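Asker:
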Amino acid sequence: NLNAGESRNIPLNIASLPNGDYTLQFRLTIGGKEVDRIDSPVRVLDPLLTRQPDQKIRIVNGAFSAGGRHVFLRGVNYWPRFIAGIDPGAFNGQSWLEAGQYDPDLVEADLTEIAALHFNLVNIQFSDYEGFWAQEGRALIDFLERCRSHGIWVQVSLRTTSTNAAYAGQISPTLESYLQAAYLPGNDRVFAYELLWEPMIGTHSTGGQGRLVNGALVYNTGRLVLDPDWRAWVDDQYGSAANAQQIWGYTAPLDGNGQLTNPLDDQMGNDGPWRIMVAAYRRFLDDYLGRNLGVIARQLHRSDPDTLLTYRNWVTMTSTHNDNTGYDIGSGAAHLDFFEPERYSPVLLWPDDRPYGLIPAYSRYRTGGKPVVWAEFGADIGANGGNAASRTAQAAVCDTMMRQVVDDGSNGASVWWWPGGYHPTDGTDFGIIDPDGTPRACAETLAQWSANFRAAPPDLTADPPATVTVDRDADARGSYGLFLNNQDLYVQTRQAGRSVVLADQGTGTDTSTMPLIQVGNVSYQGSGPLKFANGEFAGIHVVCPSLDVTVENGATLAIASGAICQVTPALVNTGEAQWLPGSAPSRGVVLHTNMGDLPLSASLPSLQRTAMGTLTVTMGQSAMALSGRLKIAGAGDFGEVLNLTLVVDPTVTGNCALSLSPAASIAAPFSGTIGTIKIATSNGCGWAASADQPWMTFSPAAGSGSGAVTYTVPANYGPQRQATMRIGNCAFTVTEDGAPNSSQVPAPSLSTTSLDFGARNVGAAGAAQTVQLTNTGAGVLSLLAITAGGLNSGDFAETDNCGTSLAAGARCTIQVTFTPAAPGMRTASLFIAGNISGGTSAIALSGTGTATGPTPVVQAIVDSWGYTAGIAPGLWVTIGGTNLAGPPQTWNLNGAQALPTALGGATVTFNGAPAALLYVSLTQINALVPASVAPGKVQVVVQVNGLNSSPFPITAQAAQPAVYAPPSADGSTFYVTAALAGTATLVGNSSTDPRVVRPVYPGDTLDLYMIGLGSTLDPSKFITDQVFSGAFPVSAPVTATVGGEAASVVFAGLTQPGLYLVRIVVPSDLEAGAQPIQVSAGGIRTRTSLVLQMAAPPR
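If you count the sequence shown from 1, you need to add 4 to reach our numbering.
Structural data, given as structure tokens:
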């Protein structure tokens, strides 16, 4: 009993339950009568139990592989469907994984549909600006296990730096907390981590992501924020700015203080005599950004060395990318595992898009042949769910991208993005599903391609490639200039049936055979950055009596005076030429330092790393610096400058000298450990204990005088991990073993791999069918879940007596029932997840729903854009009524030429001629009137699942023109959206169409998008039953007026089934404002209330 006003905590030992899903039931009773209840799902999960190490994606021969099988990634950028339309504040800076947003049921519905559409990858973000990593981690654990049940991998974008930039000193302090909160290290569902999301530096002095300087955010300063680093790099590489400018043959720009500054925007955006200087700046960015990406990668590898790393490159190799100084896609090539370009603009359809296959070729050239995955592509369908034309255009973009993938040999692609509807921050709609979950044409197109790719991955090519020689330094525009200068040759080579490999003068060389030139193709005379030889430091291991740490180049360490230390620098070959060992007869490599030389012991290929040997350093009575640089014998210095500062540790002498026992590195088992370190020092002398990883704790964390610290290393659920522990100025490495893999058992034996339930009336449950599951392995089969998933999973229900574990040789029974929710074929899968080697087992489920519903009724037919009653041959019409079809469905051409005449169980005929169908639902059908329909009386019949509507009589005209024109807020006025002639630049009223970039100016030549202009001049080109290419003039005379004045009609013709283009010249003397516009075809005019938003051109 609970007294009035009383609260009580009831302890629940949930963690003692076996793995599995449970329901926590709360019941409130008064006088024995239940008056309220709450049921809460609970998932108990041992992260080790469900992992399947053989399903971790790895890279084999430049491609992805898991479980010994090739994997081609078919991805979608994922946010749940409920994200569309939410408050911007709940989207930007927060995460859908937060407790207030994460909805497991909706997420499960999404993943079921994603799997049914044949995707095998989702890309998500795991970060926010509010620090809710603990609760988000719990949600992500659940999400990853749901993905496991559907055979989906997850790419996780992390907030690795404070400003989403690879700038020095910016690593996020909560990065490790995010990893551990969701037990990400070691999880085979985690395909990769994205370190940065579309980073860019900005223009000469504006834009970019900003940088923390002395704790303050410096933003909107563009490339200026890197000027100090640029000047330091020039000094390192050339000796001085004056020497650099002499080599460049050009006077560099200076800032207001007379110091060297970054190139001007005109110099970055155009080729010219500044080319060598700009090439040097681009090499500086490669070095600076690459080194900092290496720091991030090493930080992540301390706790998760097994998960692949990448970053999302922004609108790669385009003018926008160049103007805003996006990162060259080769940045950090030595530290990352694969690379991710994006493809958006310009919008081109296949085969016009083929030149952009040069981007993956360039990526492989810059990264030593590492895999390439298109991170984003897609199209905005516009406000209010778009229209038939914009949805078709989106599907065409998706189809084009899949053709591009087939052609360019990339290793995967992810569409942007999943949820359809109003984007919370910019109002766009790139979603591939409708808000109710109905796949849009793009999703269905991708599903068909993905089904083909699953059987025959497109990234496996066997043809001998053709080599195209390129040079980024040959054009000041960098990779964008390289694209412009080589795209035609790339296309010609592909048209000849050859795959393309890019190379330059340094490809395949070593330090003895590479051309001795420097960046910018200038002869090397002992000063300046060598073009094909480069290197950087990848950590420096320092071992002293009270110190055992690995630090980054540029660090400062406190060391006891007189201490003898071993210093071992690691180096990475970031150039193209292979380094030859120091013993080579010509041009061997040595690390030359002020404390001795370290010759390279063995050849080092490009993008590989090595320890260069050990220097013995004795600490003196004052600070000392270890400096040096790589040197090619007989040639000169190259690469990053070594800079390690050693200062005298004041805590090891004097009154507050600190002594530790034991004073050594710590090795911990995966199960964790607890240990004690004794501290000896004088009374009143303070000390503190800390670690650079959140999973290691101390008690007490600080104290005064002699005492002891107890450290705790918790159990590890991932691979081996490391932390650096510090007590005072003493520092040691803590290494914890990785968790052993859970015992895997073979896939269980199933009495059947498919169940067919036959035909059932919609809504009527059938008899259960049975599957016997037998554990044929020698170990215990731990069952996480047995669940129905797939396209129509809601039609199938499952019960079983399997429990949460099954002993070797044991058997259990699964029963499945089928209750069709709609007519037609219904399919799903029954997933069996657990410690199963090779992944989740599945049973195919199928059945047919039989309609017994009411007869379809047609109530009205109007044109789809002008909403005027009536029809014309070749006109897109909207049919309204009741019982017109089943669930909403949109056509999916999947590359087919013929347009569908049956969709969602519905067909439409006009005087007996079948019509192509774009969309069907219970109350609406969008259909294309066949070209064979002649003016006069027409009977329209809708058939649904064999049931015919009564004929609907309507009169057809020769034409019924309508212009694409979104309505005003009150629906009284329709504002025409047009395109500037021959472009994709939209003009009109941005209030009614957010895609519009400006109003119409007097004298503009516009392309109007229209329907209903009737037949073509050549009757054979009047096509309404299949896809075609071309532009065919219409037979009826077309005229237009704007503001009451005649507008010259340059062209009027059919360009797609049911879609026409009318090109007009706007009169040059019109005033600003909404001007009425009319178009007529054969004397039949468009609706009234059409206007064109005009404005005076800018002066």
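Positions of the beta carbon are idealized from the N, C-alpha and C atoms, including for glycine.
Please read all numbers here as calculations on a predicted model, not as lab measurements.
Distance, Cα to Cα, A1076 vs V1053?
Answerer: In the sequence shown, residue 1076 corresponds to position 1072, counting from 1. In the sequence shown, residue 1053 corresponds to position 1049, counting from 1. Distance between the alpha carbons of A1076 and V1053: 21 Å.
Asker: Spatial neighbours of L179 within its chain, please: CB distance less than 6 Å, with the 5 preceding and 5 following residues excluded, ordered by chain position.
Answerer: Residue numbering aside, residue 179 sits at position 175 when the sequence shown is read from its first letter. Excluding sequence neighbours, L179 sits near T164.
Asker: Check K60 in the structure and name its three-state DSSP category.
Answerer: Here the question's residue 60 lines up with position 56 in the sequence shown. K60 falls in the coil class under three-state DSSP.
Asker: Whose CA, out of D552, L650, G640, Q159, lies closest to the CA of L668?
Answerer: Against the sequence shown, residue 668 aligns to sequence position 664. Sequence inspection shows Ala at residue 668; the Leu mentioned does not correspond to that position. Closest by alpha carbon: D552.
Asker: Taking L268 as the reference, give the member of D290, G226, T882, W318 with the closest Cα.
Answerer: Translated into the one-based positions of the sequence shown, residue 268 becomes position 264. Ranking D290, G226, T882, W318 by Cα distance to L268 puts G226 first.
Asker: Is DSSP giving N490 helix, strand or coil here?
Answerer: Along the sequence shown, read from residue 1 onward, the residue named residue 490 stands at position 486. Of the three classes helix, strand and coil, the one that applies to N490 here is helix, per DSSP.
Asker: Excluding the 5 residues preceding and the 5 following Y82 in the sequence, name in chain order all residues of the same chain whose CB lies nearer than 8 Å to its CB.
Answerer: Position 78 of the sequence shown, counting from 1, holds the residue named residue 82. D114, I118, V126, N127, I128, W421, W422, listed in sequence order.
Asker: Residues in the same chain with beta-carbon distance under 6 Å from D514, minus the five sequence neighbours each way, listed in chain order, please.
Answerer: Taking the sequence shown and counting its residues from 1, one reaches residue 514 at position 510. Same-chain partners within the cutoff: A581, Q582, L584.
Asker: Quick one: measure Cβ to Cβ for R395 and A445, integer angstroms, because I've assumed they're closer than 8 Å.
Answerer: Here residue 395 is taken as the residue at index 391 of the sequence shown, counted from 1. Here residue 445 is taken as the residue at index 441 of the sequence shown, counted from 1. Confirmed, Cβ separation roughly 5 Å.
Asker: Starting from the C-beta of G1047, find all residues in its chain whose C-beta is less than 6 Å away, skip the five residues before and the five after it, and write them out in chain order.
Answerer: The residue given as residue 1047 occupies position 1043 in the sequence shown. Closer than 6 Å at Cβ, skipping near neighbours: L1074, Q1079.
Asker: Would you give the residue range spanned by the alpha helix (DSSP H) that S180 belongs to?
Answerer: In the sequence shown, residue 180 corresponds to position 176, counting from 1. Looking at the sequence itself, residue 180 is Glu, so the reference to Ser does not match. Here the alpha helix (DSSP H) through E180 covers 179-185.
Asker: When the Cα atoms are used, what is the spatial distance from E149 to P189?
Answerer: In the sequence shown, residue 149 corresponds to position 145, counting from 1. In the sequence shown, residue 189 corresponds to position 185, counting from 1. Between E149 and P189, the C-alpha separation is close to 14 Å.
Asker: Report buried or exposed for Q59, applying the criterion of at least 16 other Cβ atoms within 10 angstroms of its Cβ.
Answerer: By one-based count along the sequence shown, residue 59 stands at place 55. Result: buried.
Asker: D1 by DSSP, collapsed to three states: which one?
Answerer: Any property of residue 1 remains undetermined from this structure, which presents the chain solely from 5 to 1103.
Asker: For my contact list, L1065 and G1057 are in at a C-beta cut-off of 8 Å; report their separation, rounded to the angstrom.
Answerer: Within the sequence shown, the letter at position 1061 stands for residue 1065. Within the sequence shown, the letter at position 1053 stands for residue 1057. Confirmed, Cβ separation roughly 6 Å.
Asker: In chain order, what residues of the same chain have a beta carbon less than 7 Å from the beta carbon of R633, not counting five sequence neighbours either side?
Answerer: Position 629 of the sequence shown, counting from 1, holds the residue named residue 633. Taken in chain order, the residues that qualify are H596, D641, G643, V645, L646.
Asker: How would you call Y979, buried or exposed, if buried means at least 16 neighbouring beta carbons within 10 angstroms?
Answerer: Indexing the sequence shown from 1 puts residue 979 at position 975. Flag for Y979 reads buried.
Asker: Under DSSP, the alpha helix (DSSP H) around T396 begins and ends at which residues?
Answerer: Looking up residue 396 in the sequence shown gives position 392. Taken as a continuous stretch (DSSP letters only), the alpha helix (DSSP H) holding T396 covers 392-412.
Asker: Looking at C-beta atoms only, is the number of pairs between the segment 259-277 and the segment 494-508 that lie closer than 8 Å three or more?
Answerer: These segments do not touch.
Asker: Run through the DSSP bridge pairs and tell me what C548 is partnered with.
Answerer: What you label residue 548 is simply residue 544 of the sequence shown in a count that begins at 1. In DSSP, C548 forms a bridge with L551.
Asker: To the nearest angstrom, how far is the alpha carbon of T882 from that of Q303?
Answerer: For this step, residue 882 is matched to residue 878 along the sequence shown. For this step, residue 303 is matched to residue 299 along the sequence shown. Straight-line Cα distance between these residues: approximately 58 Å.
Asker: Select from P673, G600, G510, V546 the residue whose C-alpha is nearest the C-alpha of P609.
Answerer: Taking the sequence shown and counting its residues from 1, one reaches residue 609 at position 605. Nearest of P673, G600, G510, V546 to P609, Cα basis: G510.
Asker: Can I836 and S845 be called in contact, C-beta distance under 8 Å?
Answerer: The residue labelled residue 836 in the question sits at position 832 within the sequence shown. The residue labelled residue 845 in the question sits at position 841 within the sequence shown. The answer is yes: Cβ separation under 8 Å.
Asker: Alpha helix (DSSP H) containing F147: first to last residue?
Answerer: Counted from its first residue, the sequence shown places residue 147 at position 143. 137-153 is the extent of the alpha helix (DSSP H) around F147.
Asker: Terminal residues of the continuous alpha helix (DSSP H) containing A283?
Answerer: Taking the sequence shown and counting its residues from 1, one reaches residue 283 at position 279. Residues 279-305.
Asker: I'd like to know whether the C-beta atoms of Y26 and E198 end up nearer to each other than 8 Å.
Answerer: Position 22 of the sequence shown, counting from 1, holds the residue named residue 26. Position 194 of the sequence shown, counting from 1, holds the residue named residue 198. No.
Asker: Who are the Cβ neighbours of T989 in its own chain at under 7 Å, not counting the five residues just before and after it?
Answerer: As a first step, residue 989 is located in the sequence shown; it is residue number 985 there, counting from the start. Only A983, V1001 meet the Cβ criterion.
Asker: Is DSSP giving C689 helix, strand or coil here?
Answerer: One-based indexing of the sequence shown puts residue 689 at position 685. Three-state DSSP puts C689 in coil, outside helix and strand.
Asker: If D433 sits next to G390, beta carbons under 8 Å apart, how far is it from one beta carbon to the other, in whole angstroms?
Answerer: Numbered from 1 along the sequence shown, position 429 holds the residue referred to as residue 433. Numbered from 1 along the sequence shown, position 386 holds the residue referred to as residue 390. Correct: roughly 6 Å between the Cβ atoms.
Asker: According to DSSP, is H596 part of a helix, a strand, or is it coil?
Answerer: By one-based count along the sequence shown, residue 596 stands at place 592. DSSP places H596 in strand when its eight states are reduced to three.
Asker: For Y1013, which residues from the same chain have a beta carbon less than 8 Å from its beta carbon, with the 5 sequence-adjacent residues on both sides left out?
Answerer: Residue 1013 sits at position 1009 when you count from the first residue of the sequence shown. If we look at Y1013 and ignore the five residues flanking it on each side, its Cβ neighbours are A393, V967, Y968, T981, A982, A983, L1063, Y1064, L1065.
Asker: Tell me where the alpha helix (DSSP H) around C446 begins and ends.
Answerer: Reading the sequence shown from its first residue, position 442 is the one you call residue 446. That run of the alpha helix (DSSP H) goes 445-459.
Asker: Restricting to Cα atoms, I'd like to know which of L561, D384, N952, A478 is closest to P277.
Answerer: Counted from its first residue, the sequence shown places residue 277 at position 273. Out of L561, D384, N952, A478, A478 has the C-alpha closest to the C-alpha of P277.
Asker: What are the start and end residues of the beta strand (DSSP E) that includes A615?
Answerer: Working through the sequence shown from its first residue, we reach residue 615 at position 611. It spans 613-615 - the beta strand (DSSP E) in which A615 sits, taken as one unbroken run.
Asker: If you follow the alpha helix (DSSP H) that S323 is in, where does it begin and where does it stop?
Answerer: Counting from 1 along the sequence shown, the entry for residue 323 is found at position 319. Here the alpha helix (DSSP H) through S323 covers 323-327.
Asker: Apart from the five residues just before and just after S797, which ones in its own chain have a Cβ nearer than 7 Å to its Cβ?
Answerer: Counting from one through the sequence shown, the residue named residue 797 turns up at place 793. Once the five neighbours on either side are set aside, the close Cβ partners of S797 are T116, A832.
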